[in-house]
Amino acid sequence: MTRVLMTLDAVGGVWRYALDLARGLRERGDEVVFAGFGPPPSPAQRDEAEAVGVLDWGRAPLEWMVADAAGLADVPREIAAMARRHRAELLHLNLPGQAAGLDLDLPIVAVSHSCVATWFGAVRGSALPPDWAWQARLARAGFDAADAVVAPSRAHADALTACYGPIDRLQVVHNASNAPAIRLPQRPIVAAAGRWWDEGKDAATPDLAAAEIRWPVHMAGPTRGDNGAQVTLHHATALGSLPHADTLALVQGAGIFVSPSIYEPFGLAVAEAARAAVPLVLSDIPTYRELWGGAALFFAPRDAAALAAAVSRLIDDPALRARMGQAAQDRAARYSLAAQVHALAAIHDRLRAEHAAGAEVH
């Protein structure tokens with residue numbers, strides 16, 4: 001049994017990752033303390049977390065909430081205080097920069113779910129602007145401080161290496177979907193889900209394609225971000241932010257699922273749709289080729305005509321829809337919570353054993 005201090009926030013996909021992972025770790029006998037940062041969780045989120053483990057919410061901000069590294073000076077102190085207060089035996093940090101400056105004699109796993117340097121490389125085709133370079137320096141310091149660094153796909157690991165150079169102890173553990181593996185009656189709609197205000201999710205392409213697709217296109221997710229970014233849809237139906245259960249019902253009950261992302265380290269919504277045998281139409285980016293090659297139709301990124309053609313091909317061919325849906329469901333079985341928990345628990349156990357051996361030597 002290991003007492004794990006796991007960082008999370010309440011505004012992004014890390015919340016779902018952390019809660020699902022914690023449930024799996026608890027089943028093997030581990031205890032999880034959630035160390036939260038950034039905007040506080042809703043009452044429903046708090047109840048969900050406290051049903052799985054202890055929730056301790058700090059006062060320090062997240063990286064996107066501050067102008068420079070000085071704004072995060074309290075993060076290592078708060079994490080250290082939480083670790084001591086809850087007698088943690090291992091740190092599982094869901095922002096690598098949170099490992100920078102920590103003064104704790106505990107093994108550290110840092111998980112890179114995304115980062116601004118790789119985002120700029122994929123979406124803008126450029127290096128970070130000078131005003132943002134401090135975030136890359138913080139991430140690099142976190143990678144160097146961690147005992148293991150985890151990426152959710154080989155494509156993201158390769159992108160990290162391209163941006164930061166070699167990263168010691170970098171390994172891939174695919175993310176997982178805990179959505180039910182089922183078959184629902186599929187409605188004649190095209191579904192998509194994402195943070196549409198994020199340029200990397202590319203809301204414009206499915207919106208333009210919707211004008212050429214005879215099934216309605218429903219896009220779940222926020223169109224306005226806390227950073228002021230905003231997008232307006234003209235042809236697709238914008239459903240806005242939905243509870244996770246409602247988004248899951250949408251994507252698992254759709255006739256076709258689309259993801260147009262330019263930047264995607266894993267893509268949880270794709271896996272959720274696939275687990276319900278919903279055929280996939282995905283942008284042809286390295287992550288999706290790695291995870292779904294042979295189990296999805298692909299289109300050139302930012303090409304609305306190509307997306308509309310791929311979707312229309314599936315609409316016009318029910319037998320192809322059925323085959324591609326089955327292929328997606330078969331592939332999704334690789335990305336199970338059990339497999340993810342097994343891989344991460346093995347990392348936790350190895351680091352604890354190495355840490356104990358090092359303590360005995362000293």
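Residue numbering for the sequence shown is 1 to 362, as defined by the UniProt record's numbering. Built from N, CA and C at the ideal position, the CB exists for glycine as well.
* On the DSSP bridge assignment, give the partners of W57 in chain order. => Within the DSSP secondary-structure output, W57 pairs in a beta bridge with G36.
* To do: For the segment 232-242 and the segment 199-211, state whether three or more C-beta atom pairs, one from each stretch, are separated by less than 8 Å.
  => With the cut-off at 8 Å, the segment 232-242 and the segment 199-211 touch.
* Asked: Assuming V149 and L170 make a contact with CB atoms under 8 Å, what is their CB distance in whole Å?
  -> Taking 8 Å as the upper bound for CB-CB distance, V149 and L170 are in contact here, some 5 Å apart.
* Asked: Can you tell me whether DSSP reads L314 as helix, strand or coil?
  -> In this structure, L314 counts as helix in the three-state DSSP scheme.
* On the premise that L91 lies in contact with A83, defined as a C-beta separation below 8 Å, what is that separation, rounded to the nearest angstrom? -> Indeed they touch by this definition, with Cβ atoms about 7 Å apart.
* **the segment 325-332 contacting the segment 289-299, beta-carbon criterion three pairs below 8 Å** => In short, these stretches touch, since the Cβ pair count reaches three.
* Buried or exposed: where does I167 fall if 16 or more other Cβ atoms within 10 Å of its Cβ makes it buried? -> That one is buried.
* To do: Apply the 10 Å Cβ neighbour rule to R350 and answer buried if 16 or more other Cβ atoms are within range, or exposed otherwise.
  => Classification for R350: exposed.
* Asked: Got a sec? Which residues, its chain only, sit under 8 Å from D158 by beta carbon, not counting five neighbours each side?
  -> Non-local C-beta neighbours of D158 in its own chain, meaning closer than 8 Å and more than five positions away in sequence, comprise P286, ordered along the chain.
* **Sequence-distant residues of the same chain with beta carbon closer than 6 Å to H362, five excluded per side** => Residue placement at H362 is flagged as unreliable, the pLDDT there being 49, under the threshold of 50; a coordinate-derived value is accordingly withheld.
* Asked: What is the DSSP secondary structure of H362, reduced to helix, strand or coil?
  -> Because the pLDDT at H362 is just 49, under 50, the model does not fix this residue reliably, and the point stays unresolved.
* Asked: Considering V116, what are the terminal residues of the alpha helix (DSSP H) in which it resides?
  -> Start and end: 116-119.
* Is the beta carbon of F37 sitting closer than 8 Å to the one on D20? -> By the CB criterion at 8 Å, F37 and D20 fall outside the cutoff.
* Quick one: residues in its chain with C-beta nearer than 6 Å to the C-beta of A211, no 5 flanking neighbours on either side, listed in chain order? => Cβ neighbours of A211 beyond the five flanking positions: H235.
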